[in-house]
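Colleague: Questions regarding the structure given below will be posed in turn.
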Amino acid sequence: MPSPAQDTPTRHEQHGRYPRAETVDDFRHNLAAVQARIAAACRRAGRDPAGVRLLPVSKTIDEARIRQAHAAGCHFLGENKVQEAHHKWEAMQDLDDLQWSVIGHLQTNKAKLVARFASEFQALDSLRLAETLDRRLQLEGRSLDVFVQVNTSEEDSKYGLAPADVPAFVRELPRFGALRVRGLMTLALFSEDAERVRACFVRLRGLRDRLRQEAPDGIGLEDLSMGMSGDFEIAIEEGATVVRVGQAIFGARATPDSHYWPTGTG
Ligand SMILES: *Cc1c(COP(=O)(O)O)cnc(C)c1O
1 MPSPAQDTPT
11 RHEQHGRYPR
21 AETVDDFRHN
31 LAAVQARIAA
41 ACRRAGRDPA
51 GVRLLPVSKT
61 IDEARIRQAH
71 AAGCHFLGEN
81 KVQEAHHKWE
91 AMQDLDDLQW
101 SVIGHLQTNK
111 AKLVARFASE
121 FQALDSLRLA
131 ETLDRRLQLE
141 GRSLDVFVQV
151 NTSEEDSKYG
161 LAPADVPAFV
171 RELPRFGALR
181 VRGLMTLALF
191 SEDAERVRAC
201 FVRLRGLRDR
211 LRQEAPDGIG
221 LEDLSMGMSG
231 DFEIAIEEGA
241 TVVRVGQAIF
251 GARATPDSHY
261 WPTGTG
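Under the UniProt record's numbering, the sequence shown has 182 at position 182, and the numbering climbs by one with no breaks.
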């Protein structure tokens, strides 16, 4: 039986229209608005808002505005490109409570950068990368929270494992002692068709639920990182525990999404 929540639309039509935050107060205002949308989605789904972490995504945002966001309460930021993230980390060493999550595809030859500074990596998609990250982390004496990225949209996206390949992949992960496996991550289809977007989130949750029953010891699969500015309410209705939100906090981005991931036609 369809619940009222199933009518939740995407907000992709907002694309390019989120106002730009330029003061600490603007950031407080936008963060409160996003938290209110999170709370409303949780109410519809009968969930506790404490079970949803908001990860602000600061890609393309310069240091001055990131410092404003930090002053407004953003202490954990997501970045798609590792070099951009690393530069920002270096530039803001004085903010010792600021942590970084790398949420975009990573080439193996850049694993050592992630191992140096990131607190979280959400786009794990190959054993070679897991192995390299683990080795680099051991050298640094660090560990890293990781999410396995899954391609739930059936687009010919290069990024993320096919759902059918995830169980075998997860079974290999316990041998990488520096990786703490937290859960799964996905990017939904970018479409105004809310039901096709929702289907991506349902697929990720179903996969997580099946994996959890057979997960090896030490592999936590609690988290589902899914949902961004245009679709995070739908993701929360389907079980997201982490939502990655950029434009609704920082303002519309000029850089097209195709710069970050292959886009389909939807
Ligand atoms: C940019 C980005 C987001 C956030 O997108 P917005 O439209 O700015 O909310 C989420 N996830 C990933 C992987 C991203 O690169």
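All residues carry an ideal CB built from backbone N, CA and C; glycine is no exception.
#1: Helix, strand or coil for residue 238? Go by DSSP, reduced to three states.
#2: Pull up the distance between the alpha-carbon of residue 164 and that of residue 24, whole angstroms please.
#3: Please name the residue, chosen from 139, 50, 57, 96, that lies closest to residue 82 on a Cα-to-Cα basis.
#4: Taking the DSSP output, what are the residues bridged to residue 183?
#5: Let me know the secondary structure DSSP gives residue 2 once reduced to three states.
#6: On the criterion of 16 or more Cβ atoms from any shown chain inside 10 Å, does residue 75 qualify as buried, or is it exposed?
#7: Considering only residues of the segment 39-118, which uninterrupted alpha helix (DSSP H) runs meet the minimum length of 4 residues and lie entirely inside it, listed in chain order?
#8: Compare the beta carbon distance of residue 178 and residue 133 with 9 Å and say whether it is the shorter of the two.
#9: Run the proximity test for residue 59: is its beta-carbon closer than 8 Å to any non-hydrogen atom belonging to ligand 1?
#10: How long is the line joining the alpha carbons of residue 219 and residue 173, rounded to whole angstroms?
#11: Just to confirm before moving on: does the CB-CB distance between residue 70 and residue 54 stay below 9 Å?
#12: Roughly how many angstroms separate the alpha carbons of residue 193 and residue 201, rounded to a whole number?
#13: Could you tell me whether the segment 239-249 touches the segment 213-231, using the rule of 3 or more Cβ pairs below 8 Å?
#14: Can you list every residue whose CB sits closer than 5 Å to some heavy atom of ligand 1, going in chain order?
#15: Within a Cβ cutoff of 7 Å, which residues of the same chain sit near residue 117, ignoring the five residues on either side of it in sequence?
#16: Candidates 113, 40, 246: which alpha carbon is nearest residue 139's?
#17: Among 175, 197, 234, whose alpha-carbon lies nearest the alpha-carbon of residue 42?
Modeller: Taking the coordinates as given:
#1: Against the sequence shown, residue 238 aligns to sequence position 238. Reduced to three states, the DSSP call for residue 238 is coil.
#2: Taking the sequence shown and counting its residues from 1, the one referred to as residue 164 is at position 164. Taking the sequence shown and counting its residues from 1, the one referred to as residue 24 is at position 24. If I take the Cα positions, the gap works out to 45 Å.
#3: Along the sequence shown, one-based indexing puts residue 82 at 82. Nearest of 139, 50, 57, 96 to residue 82, Cα basis: 57.
#4: Taking the first residue of the sequence shown as position 1, residue 183 is located at position 183. Answer is 147, 223.
#5: Along the sequence shown, read from residue 1 onward, the residue named residue 2 stands at position 2. Annotation note: pLDDT 46 at residue 2 (below 50); position unreliable, coordinate value reported separately. Residue state, collapsed to three classes: coil.
#6: Here residue 75 is taken as the residue at index 75 of the sequence shown, counted from 1. So residue 75 ends up on the exposed side.
#7: Runs of the alpha helix (DSSP H) lying entirely within the segment 39-118 and spanning at least 4 residues, in chain order: 63-71, 82-91, 111-117.
#8: Residue numbering aside, residue 178 sits at position 178 when the sequence shown is read from its first letter. Residue numbering aside, residue 133 sits at position 133 when the sequence shown is read from its first letter. In contact: residue 178 and residue 133 (Cβ atoms closer than 9 Å).
#9: Indexing the sequence shown from 1 puts residue 59 at position 59. Flag set: Cβ of residue 59 near ligand 1.
#10: What you label residue 219 is simply residue 219 of the sequence shown in a count that begins at 1. What you label residue 173 is simply residue 173 of the sequence shown in a count that begins at 1. C-alpha separation (whole angstroms): 8 Å.
#11: Stepping through the sequence shown from its first residue, residue 70 is reached at position 70. Stepping through the sequence shown from its first residue, residue 54 is reached at position 54. Not a contact, by the Cβ cut-off of 9 Å.
#12: Working through the sequence shown from its first residue, we reach residue 193 at position 193. Working through the sequence shown from its first residue, we reach residue 201 at position 201. Residue 193 and residue 201: Cα-Cα distance of roughly 13 Å.
#13: yes
#14: 57, 80, 103, 228, 229, 244, 245, 246, 247, 260
#15: Within the sequence shown, numbered from 1, the residue matching residue 117 stands at position 117. So the list reads 86, 89, 100, once near-sequence residues are dropped.
#16: Taking the sequence shown and counting its residues from 1, the one referred to as residue 139 is at position 139. For residue 139, the nearest C-alpha among the options comes from 113.
#17: In the sequence shown, residue 42 corresponds to position 42, counting from 1. Considering only 175, 197, 234, the residue with the shortest C-alpha distance to residue 42 is 234.
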